[in-house]
Amino acid sequence: MMESMDFHKIMAFIYLPTILIGLFGNILSLYAYSRPNRKSMVGFLLYSLSISDIFMLVFALPLFSIMYLPIWSDEQKSFVVAYTAKYVYPLCMMAKTCSLYIMVLITIERWIAVCRPLEVQIWCRYTTSSYSISTIIVFAVILNFARFFEFKIEYVDGLMFFKRELLDSEKHWWYFMFYFIILSIIFDYTVPFAIMFVANMLIISELRRTKKERSLMTIQQQKEQNTTVMLLVITIFFGFCHFFSMALKIAESFAGGFLTIQSEIAS
Numbered sequence: 003m004m005e006s007m008d009f010h011k012i013m014a015f016i017y018l019p020t021i022l023i024g025l026f027g028n029i030l031s032l033y034a035y036s037r038p039n040r041k042s043m044v045g046f047l048l049y050s051l052s053i054s055d056i057f058m059l060v061f062a063l064p065l066f067s068i069m070y071l072p073i074w075s076d077e078q079k080s081f082v083v084a085y086t087a088k089y090v091y092p093l094c095m096m097a098k099t100c101s102l103y104i105m106v107l108i109t110i111e112r113w114i115a116v117c118r119p120l121e122v123q124i125w126c127r128y129t130t131s132s133y134s135i136s137t138i139i140v141f142a143v144i145l146n147f148a149r150f151f152e153f154k155i156e157y158v159d160g161l162m163f164f165k166r167e168l169l170d171s172e173k174h175w176w177y178f179m180f181y182f183i184i185l186s187i188i189f190d191y192t193v194p195f196a197i198m199f200v201a202n203m204l205i206i207s208e209l210r211r212t213k214k215e216r217s218l219m220t221i222q223q224q225k226e227q228n229t230t231v232m233l234l235v236i237t238i239f240f241g242f243c244h245f246f247s248m249a250l251k252i253a254e255s256f257a258g259g260f261l262t263i264q265s266e267i268a269s
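Each residue of the sequence shown is one higher than the last, beginning at 3 in the numbering used here.
The structure is reproduced here in structure tokens:
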């Protein structure tokens, strides 16, 4: 237990500057994409992505760093850990789902712009994107709402502890197998990354096909293509980072995870 706590303290100090740098970068992006000269369809989606990422990082701050820092008394720590696991964790997962599917939306928008340019005026509009963002938010809330019931808070000798409730694989094996493993892997990884993979392969193929025609493109078309290449690199990096998250998800399904094995962490 002591070795586990030491590990989490070390990781907390690593996560803290990483999260703060991420927050700073997303705040800068938020400012940049809110400028009048940067208002475009892609800019609107990246603006929405920055907002979602900021929420995710704000929730991740106590979840992965603050609650493990050696700055709390036993009573304070039990309170922070219990409420973070019970309430902040689901909110963080909702924000993560929003960020993930906004990336999917950006990829689809680029696919339309590159592979279906005549349909851009039909699909790539602020109204359509606003409805899509709203749908993603509702979907993220519905998909992750059950996580509010994965842990319960108990009081022992005046201290708060969180204990696995729905996430207890012995008492609620159906939830653990169907929701925590199967449903999560499908909607958090398989579906979004399958869409992004297929769309990006089509985009790359189209960019290669039009490479010889680049000299004939207008300045606006060249800017659009440069934007597509930039977003393609971001998407690949995004997927690379999530690969480790997926590996952790599969591992914790069999060996326990960052939160699921921490039912006595406050002690």
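Cβ coordinates follow ideal geometry from the N, Cα and C atoms, glycine included.
- With respect to the 7 Å criterion, Thr192 and Val44 are not classified as neighbours on the basis of their beta carbons.
- In the three-state scheme derived from DSSP, where H, G and I count as helix and E and B as strand, Glu111 is classed as helix.
- In chain order, Pro92 place their CB closer than 6 Å to the CB of Phe150, counting only its own chain and leaving out the 5 sequence neighbours on each side.
- Counting the other CB atoms within 10 Å of its CB gives Ser75 a total below 16, which places it among the exposed residues.
- If you look at Tyr85, you'll find it in the alpha helix (DSSP H) that goes 76-85.
- Cβ neighbours of Tyr17 within its own chain (closer than 6 Å, five residues either side excluded): Phe66, Ser67.
- The C-beta separation of Phe189 from Leu145 comes to about 6 Å, placing the pair in contact by the 8 Å criterion.
- Sorting Val83, Ala148, Asp55 by C-alpha distance to the C-alpha of His10 places Val83 at the top.
- Beta-bridge partners of Met162 (DSSP): Tyr157.
- Per DSSP, Pro64 is one residue of the alpha helix (DSSP H) stretching across 43-66.
- Burial is judged here by how many other beta carbons sit within 10 angstroms of a residue's own beta carbon; Ile135 has at least 16 and is buried.
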